[in-house]
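Trainee:
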Amino acid sequence: MTAWDSLAAQRSGVPVFVPGHVWLAGAGPGDPGLLTLDALAGLAQADVIVHDALVDPRVLSLAGERARLEFAGKRGGKPSATQADICERLIALARAGQRVLRLKGGDPFVFGRGGEEAAALIAAGIPYRVIPGVTAGLAALDLEINRQATMIAYLDDFMLMTVITLGAIPLLLLLRKAATAPTAMPMAE
802 MTAWDSLAAQ RSGVPVFVPG HVWLAGAGPG DPGLLTLDAL AGLAQADVIV HDALVDPRVL
862 SLAGERARLE FAGKRGGKPS ATQADICERL IALARAGQRV LRLKGGDPFV FGRGGEEAAA
922 LIAAGIPYRV IPGVTAGLAA LDLEINRQAT MIAYLDDFML MTVITLGAIP LLLLLRKAAT
982 APTAMPMAE
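Written out as structure tokens, the structure reads:
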């Protein structure tokens, strides 16, 4: 039994990438060792990998032999696809029966526009799956300075922010350190 088969048996199988589906996956901060096993399964099974500019070439080299790579990155000051174009491309590929891996640096929902892509897929009736990635900022804490975001005694400050809406009121949600309660502040319009 291979290591892959052993792992698949322990976690009730490797996820099967069905034709006509899109997987929104995070490639992590660049080191292929920080890929999730589900992202690796997506790379192995995808027909088309639509990747952004932040995906490390070492990660892309793990793609299956039949996979076609399509660049959909955005770089400041350079010609780039619009977000609408990328969403339309994902939908067109899925409707053509392709297994589409949308591979993004870090995590697809942390500065990755994964929310817009998921919304477009839902509106088009395209089945999708989200495969989180290691967020580059958190990986940098662990890898570069040997500090973890959850080791409060060693960190002066750590904050995650997001904007949510409560009815029609946009709120800025701040999460500071692990021991501090979340704070919500109304946003100025």
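Each residue of the sequence shown is one higher than the one before, starting from 802 at the first, in the working numbering.
From the three backbone atoms N, C-alpha and C, an ideal C-beta is built for every residue, glycine too.
All values derive from a computational prediction rather than experimental measurement.
Between the Cα of GLU871 and the Cα atoms of HIS852, LEU825, ALA969, GLN811, which residue gives the shortest distance?
Mentor: GLU871 has its Cα closest to that of HIS852, out of HIS852, LEU825, ALA969, GLN811.
Trainee: Just to confirm, is the Cβ distance from VAL860 to ALA882 under 8 Å?
Mentor: Not in contact: VAL860 and ALA882 (Cβ atoms no closer than 8 Å).
Trainee: Give a yes or no on whether the C-beta atoms belonging to GLY898 and GLY843 are separated by under 8 Å.
Mentor: Contact flag unset, no.
Trainee: Return the bridge partner residues of GLY907 from the DSSP annotation.
Mentor: GLY829.
Trainee: Give the straight-line distance between the Cα atoms of ASP886 and ALA920, rounded to the nearest whole angstrom.
Mentor: Cα to Cα, ASP886 sits roughly 14 Å from ALA920.
Trainee: With C-beta atoms as the reference, is GLY907 less than 8 Å away from PRO833?
Mentor: Cβ distance not < 8 Å, so GLY907 and PRO833 don't count as in contact.
Trainee: Short of 6 Å in beta carbon distance, which residues of its chain neighbour PRO991, apart from the five on each side in sequence? Order them along the chain.
Mentor: Nothing can be reported for residue 991: it is not among the residues displayed for the chain, which extend from 802 to 990.
Trainee: With a threshold of 6 Å on Cβ separation, who are the neighbours of LEU904 within its own chain once the five nearest residues in sequence on each side are excluded?
Mentor: Once the five neighbours on either side are set aside, the close Cβ partners of LEU904 are ALA826, ALA828, ILE850, HIS852, VAL856.
Trainee: Would you call ILE892 buried or exposed, if buried means 16 or more other Cβ atoms sit within 10 Å of its Cβ?
Mentor: By the 10 Å Cβ count, ILE892 comes out buried.
Trainee: Does VAL817 pass the burial test, meaning 16 or more other C-beta atoms within 10 Å, or should it be called exposed?
Mentor: Per the 10 Å Cβ criterion, exposed.
Trainee: Using alpha carbons as the reference points, say which of ALA925, GLY968, ARG896, PRO933 lies closest to VAL819.
Mentor: Considering only alpha carbons, the answer is ARG896.
Trainee: In this structure, does DSSP put LEU922 in helix, strand or coil?
Mentor: Helix, per DSSP.
Trainee: Can the beta-carbon of CYS888 be found closer than 8 Å to that of GLU866?
Mentor: Going by C-beta atoms, CYS888 is not nearer than 8 Å to GLU866.
Trainee: Indicate whether at least one CB of chain C lies closer than 8 Å to the CB of ALA868.
Mentor: Although the question refers to chain C, the structure presented lacks it and comprises just one protein chain.
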